[in-house]
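In case it helps, this note's numbering puts the sequence shown at residues 7 to 548.
Just so it is clear, CB atoms sit at the ideal spot from N, CA and C, and this is done for glycine as well.
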Amino acid sequence: MSPTPPSPVPRGSLGRIADFTRSFSSSNANASNRPSSGKPGSADSPFDFSLDLDAFPLANPDDGSAFRLVDTKPTPRPKFGPKWRFNQHRPQLPQRRDEEVEARKREAEKERARRDRLYNLNRSNQNQQRREAAIFKSSVDIQPEWNMLEQIPFSTFTKLSFSVSDPEDLLLCGALEYYDRSFDRITPKNERRLERFKNRNFFKVTTTDDPVIRRLANEDKATVFATDTILATLMCAPRSVYSWDIVVQRVGNKLFFDKRDGSQLDLLSVHETSQEPLPEAKDDINSAYSLSVEAAYINQNFSQQVLVRDGNKVSFDEPNPFANEGDEVASVAYRYRRWKLDDDMYLVARCEVQSVVEVNNKNSFVTLNALNEFDPKYSGVDWRQKLETQRGAVLATELKNNANKLAKWTAQAILASADLMKLGYVTRVHPRDHFNHVILGVVGYKPRDFASQINLNTSNMWGIVKSIVDLCMKLNEGKYVLVKDPSKPQVRIYEVPADAFENDYVEEPLPEEEQVQPPSEDAEGVEANGTTTDDKEIEAQT
Numbered sequence: 007m008s009p010t011p012p013s014p015v016p017r018g019s020l021g022r023i024a025d026f027t028r029s030f031s032s033s034n035a036n037a038s039n040r041p042s043s044g045k046p047g048s049a050d051s052p053f054d055f056s057l058d059l060d061a062f063p064l065a066n067p068d069d070g071s072a073f074r075l076v077d078t079k080p081t082p083r084p085k086f087g088p089k090w091r092f093n094q095h096r097p098q099l100p101q102r103r104d105e106e107v108e109a110r111k112r113e114a115e116k117e118r119a120r121r122d123r124l125y126n127l128n129r130s131n132q133n134q135q136r137r138e139a140a141i142f143k144s145s146v147d148i149q150p151e152w153n154m155l156e157q158i159p160f161s162t163f164t165k166l167s168f169s170v171s172d173p174e175d176l177l178l179c180g181a182l183e184y185y186d187r188s189f190d191r192i193t194p195k196n197e198r199r200l201e202r203f204k205n206r207n208f209f210k211v212t213t214t215d216d217p218v219i220r221r222l223a224n225e226d227k228a229t230v231f232a233t234d235t236i237l238a239t240l241m242c243a244p245r246s247v248y249s250w251d252i253v254v255q256r257v258g259n260k261l262f263f264d265k266r267d268g269s270q271l272d273l274l275s276v277h278e279t280s281q282e283p284l285p286e287a288k289d290d291i292n293s294a295y296s297l298s299v300e301a302a303y304i305n306q307n308f309s310q311q312v313l314v315r316d317g318n319k320v321s322f323d324e325p326n327p328f329a330n331e332g333d334e335v336a337s338v339a340y341r342y343r344r345w346k347l348d349d350d351m352y353l354v355a356r357c358e359v360q361s362v363v364e365v366n367n368k369n370s371f372v373t374l375n376a377l378n379e380f381d382p383k384y385s386g387v388d389w390r391q392k393l394e395t396q397r398g399a400v401l402a403t404e405l406k407n408n409a410n411k412l413a414k415w416t417a418q419a420i421l422a423s424a425d426l427m428k429l430g431y432v433t434r435v436h437p438r439d440h441f442n443h444v445i446l447g448v449v450g451y452k453p454r455d456f457a458s459q460i461n462l463n464t465s466n467m468w469g470i471v472k473s474i475v476d477l478c479m480k481l482n483e484g485k486y487v488l489v490k491d492p493s494k495p496q497v498r499i500y501e502v503p504a505d506a507f508e509n510d511y512v513e514e515p516l517p518e519e520e521q522v523q524p525p526s527e528d529a530e531g532v533e534a535n536g537t538t539t540d541d542k543e544i545e546a547q548t
């Protein structure tokens, strides 16, 4: 049996159940005639269950289509501020994402990406472009008659690897003084003035001018001959930024690596790998050339000051091969060492050590080098304030600004099989005085441990040397020059005339704008750019 449907509500009988909008202060005429009882159904009660068709008038009582539902929600209050103004525009955006809107969005994203890319590119290359314009010039003038034979990018060097056996000492020359351990206790609070050793002779002799190497070559002791400075330059070539050049001579079945007279290899670069640009003027005391001369001057004096100068020396097989009898020679020993590169190929190199120290009743070789600070604003670290408390931060900054120089020092110490390498921290007495310096501290490292710290791989170092030797051995007899490109990470090999770089070889003069003009001096002997007349003395010592 199906349930009985509810009876329909008759038309016209719809009333209000509760009227919350009704005003009780001013009731209509019908309500005034009703009794005030306060019960539900009375006039003054909000719950009026009486049927009031006048409250909902209909156009036609029989037609319900004219009935309208009244929204009694309060009107939203206006909001103020940027968020409200932004939200006001949001409903106006089109809801439909058609092709035209999508195309405009894609174009806007491309334009935004292009602006970001240009901004980042300009921000990262701003300093580098300024440095290239200032100091990135070739170390040697490339002549028109030179023939370029090979171009080797540095990216190929990083993948090379070659292992060599322990070297063999053929000869030891010179004499060494002992290292003064009191310098290990120097701090910025008890700094020491850097002394000048004008009477001691320092020698920077190239390979073919070395009488010992000539003798070894005549005895067929090896096939390839070089010095530790030249080998270190090749081994650390991927870290170099400045231009350098090495002369290669193929004589018979032998190969000689030389440096030119007055080459950049005789000097020490400063802030080579830094992004902070240096002054462009060559005669400025903070230019790349002036700092290189100053660094060489500091290293020479530092290597002699930290010794025990009591006359006690350690002598070797032969005296210094470059000194005349009666000359006062700097403390240095030359180790002529031989490495086996192949079954029938040996390499002989002259390696230098500057001092010796007694450890467990045994003499150990020591190399001495000095880092120099010229102006704290360039490095961002003041050595006088940070060296004692934050020595690691100072070394990290130097590794960033002078990565190539530190790597070359480490490579030279490894080639000489030095047991210890001492690094001194030397700064100027005043940032504008480039002639007077003080020693703030000395730190010692084991060469192979320091090489691991700076990520210097000995197998990669010898891989670079082996690849260049193999390449040069394929050349015909003659003279060649290996030049590091001044603006690109690559090296080039040029074939040059046999009389190139000799005294009778005349090169084209430099343009007038590149020639260095003699600076003017005032009555006190101080030049206009702040340098002193002691510059000539510095260059004479180096």
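Counting C-beta neighbours from all protein chains within 10 Å, is the total for D190 16 or more, i.e. buried, or is it exposed?
exposed
Between which residues of its own chain and R199 is the CB-CB distance below 6 Å, once the five residues before and five after are set aside?
V444
Smallest Cα separation from A336: which of S309, E286, N482?
S309
Any chain D beta carbon closer than 7 Å to A376
The chain inventory of the structure shown lacks chain D, comprising one protein chain alone.
Report the option in A402, I291, A419 whose CA atom is closest to the CA atom of H436.
I291
Give me the Cα-Cα distance between P517 and A294, rounded to the nearest whole angstrom.
Residue placement at P517 cannot be trusted, given a pLDDT of 42 that sits under 50; the coordinates are not used to answer.
According to the Cβ coordinates, are V489 and V230 closer than 7 Å?
no
Taking the CB atoms as reference points, tell me whether T552 and T214 lie closer together than 7 Å.
The structure shown has nothing for residue 552, since the chain only spans 7 to 548.
Member of K227, S385, P327 whose CA lies at the smallest distance from the CA of D216
P327
Which runs of the alpha helix (DSSP H) fall wholly inside the segment 355 to 439 and span at least 4 residues, in chain order?
382 to 385, 389 to 392, 397 to 407, 409 to 421
Is the distance from the Cβ of S275 to the Cβ of S298 below 7 Å?
yes
What does the alpha-carbon distance come out to for the pair S553 and P173?
Since the first residue shown for the chain is 7 and the last is 548, residue 553 is missing from the structure and cannot be characterised.
Nonlocal neighbours in the same chain, by C-beta distance under 7 Å from A424, ignoring five residues either side
Excluding its 5 nearest sequence neighbours in each direction, A424 has C-beta neighbours in its own chain below 7 Å: V359, F371, V372, T373, P453, listed in chain order.
Would you give the residue range spanned by the alpha helix (DSSP H) that L297 belongs to?
Looking at the DSSP string, the run of the alpha helix (DSSP H) that includes L297 is 294 to 311.
Supposed close pair L222, V354 - CB separation, criterion 8 Å:
6 Å
Counting only the same chain and skipping the five closest in sequence on each side, list residues whose C-beta sits under 8 Å from that of Y352.
K227, A228, T229, V230, R344, W345, K346
Pull up the distance between the alpha-carbon of V487 and that of G450, whole angstroms please.
36 Å
Please report the residue range of the beta strand (DSSP E) in which P159 lies.
153 to 159
Going by DSSP, name the residue or residues bridged to V489.
D251, R498
Looking at C-beta atoms only, is the number of pairs between the segment 252 to 268 and the segment 203 to 213 that lie closer than 8 Å three or more?
yes
In three-state terms, what does DSSP make of D476?
helix
Grouping DSSP H, G and I as helix and E and B as strand, with all else coil, what is A339?
The three-state reading of DSSP puts A339 in strand, counting E and B together.
E513: buried (16+ other C-beta within 10 angstroms of its C-beta) or exposed?
Note that E513 scores 41 on pLDDT, short of 50, meaning its location in the model is unreliable; the coordinates nonetheless yield the value given after this. By the neighbour-count definition (other C-beta atoms within 10 Å, threshold 16), E513 is an exposed residue.
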